[in-house]
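Working notes, beginning with the structure itself.
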Amino acid sequence: MAGHSKWANIQHRKGRQDAKRGKLWTKLIREVTVAARAGGADPDTNPRLRLAWDKATDANMPKDTIQRAIARGAGGADGDNYEEVRYEGYGIGGAAVIVDCMTDNRTRTVAEVRHAFAKHGGNLGQEGSVAFMFKHCGQFLFAPGTPEDKIMELALDAGAEDVITDDEGVIEVICAPTDYVAVKQAFDGAGMKAEMDGIVMKALNETALSGEDAEKMQKLLDVLESLDDVQEVYTTAVMDESPT
688 MAGHSKWANI QHRKGRQDAK RGKLWTKLIR EVTVAARAGG ADPDTNPRLR
738 LAWDKATDAN MPKDTIQRAI ARGAGGADGD NYEEVRYEGY GIGGAAVIVD
788 CMTDNRTRTV AEVRHAFAKH GGNLGQEGSV AFMFKHCGQF LFAPGTPEDK
838 IMELALDAGA EDVITDDEGV IEVICAPTDY VAVKQAFDGA GMKAEMDGIV
888 MKALNETALS GEDAEKMQKL LDVLESLDDV QEVYTTAVMD ESPT
């Protein structure tokens, strides 16, 4: 097996997310609030809110906490006026990075993001400098050994665009962002649980990194993800399985 294993990277990413649960709640509450403000309080008619609700539930957030965040957003009672902003840049080895933020102070946020890039071997680019290297889509990743025929049947019937199985047996389902909720409901209804899923910026090509470069890139990603205003970080980088 080559060092750049998609399954290893998925598990690594999932493990790091699990380790950041405390901070994750803060970010999810912000996402729920902004989603409710933008599209209303009903998750059945607000796909973005449905996604935020599901993420919060998966993170074991109490239902009343989620509902309070929805009420704040839908009622406009939340004192913080967050706006969404995206930054683009390059990391180690020319790997592209997208950083999605929610902020009430753009000046603070861009300074923090720029500092993180500069300190850890990357550089902040202009708007549009790397976005073309990614596709905005719904994505579901299933573990090797998951019944491929069942996944394909459910996915395509629910409107998914593509189902891809790699050499390791990882099954990836891609759909339009607008079809994400329908596809997720189809999987949930059949008891098929994805390892990771969401509406993401999927890298169209991968930048393979190993050894010291992989360690440096992971450090950059960790620092970016730790910033209070950062909601999501996407990259073309794929790190090898070497221990750090």
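Taking this note's numbering, the leading residue of the sequence shown gets 688, the next gets one more, and so forth.
Think of the CB as a built atom: it goes at the ideal place given N, C-alpha and C, for glycine as much as any other residue.
Since this is a predicted model, take the numbers as computed values, not measurements.
Would you identify the three-state DSSP class for residue i, choosing helix, strand or coil?
i: Asp884; result: strand
i: Asp633; result: Outside the displayed range of the chain (688 to 931) lies residue 633, so it cannot be described from this structure.
i: Val721; result: helix
i: Gly766; result: Its pLDDT being 49, under 50, Gly766 is placed unreliably in this model, and the value from its coordinates should be taken loosely. In this structure, Gly766 counts as coil in the three-state DSSP scheme.
i: Val868; result: helix
i: Asn696; result: helix
i: Met926; result: strand
i: Leu715; result: helix
i: Ala877; result: coil
i: Glu919; result: strand
i: Leu914; result: coil
i: Thr732; result: coil
i: Leu891; result: coil
For the ligand ATP, is there any heavy atom lying closer than 8 Å to the beta carbon of residue i?
i: Val920; result: The ligand ATP is not part of this structure, which contains no ligands at all.
Roughly how many angstroms lie between the CA atoms of residue i and residue j, to the nearest whole one?
i: Leu841; j: Val920; result: 29 Å
i: Glu855; j: Glu835; result: 13 Å
i: Val797; j: Tyr774; result: 8 Å
i: Ala743; j: Ala722; result: 13 Å
i: Gly690; j: Gln905; result: Note that Gly690 scores a pLDDT of 46, beneath 50, so its modelled location is shaky; the value from the coordinates is reported in the next line. Straight-line Cα distance between these residues: approximately 16 Å.
i: Ile757; j: Phe874; result: 25 Å
i: Cys788; j: Ser913; result: 12 Å
i: Thr720; j: Asp751; result: 13 Å
i: Pro933; j: Tyr777; result: Beyond the ends of the chain as shown, which are 688 and 931, falls residue 933; an answer cannot be given.
i: Glu718; j: Ser897; result: 34 Å
i: Asp731; j: Asn696; result: 33 Å
i: Pro831; j: Asp884; result: 15 Å
Apply the 10 Å Cβ neighbour rule to residue i and answer buried if 16 or more other Cβ atoms are within range, or exposed otherwise.
i: Gln872; result: exposed
i: Gly766; result: Per-residue confidence for Gly766 stands at a pLDDT of 49, beneath the threshold of 50, marking its modelled position as unreliable; no derived number is given.
i: Asn733; result: buried
i: Thr923; result: buried
i: Pro749; result: exposed
i: Arg793; result: exposed
i: Ala739; result: buried
i: Thr713; result: exposed
i: Ala725; result: exposed
i: Leu891; result: exposed
i: Arg795; result: exposed
i: Phe804; result: buried
i: Ile785; result: buried
i: Ile886; result: buried
i: Ile851; result: exposed
i: Glu799; result: buried
i: Phe819; result: exposed
i: Asp791; result: exposed
i: Glu859; result: buried
Q) Between the stretch 804-812 and the stretch 873-890, are three or more C-beta pairs nearer than 8 Å? A) no
Q: Pick out the complete alpha helix (DSSP H) segments inside the stretch 801-864, 4 residues or longer, and give them in chain order.
A: 835-844
Q | Length at least 3, wholly inside the stretch 745-789: the beta strand (DSSP E) runs in chain order | A | Taking 3 residues as the shortest admissible run, the stretch 745-789 contains the following complete beta strand (DSSP E) segments, listed from N- to C-terminal end: 770-777.
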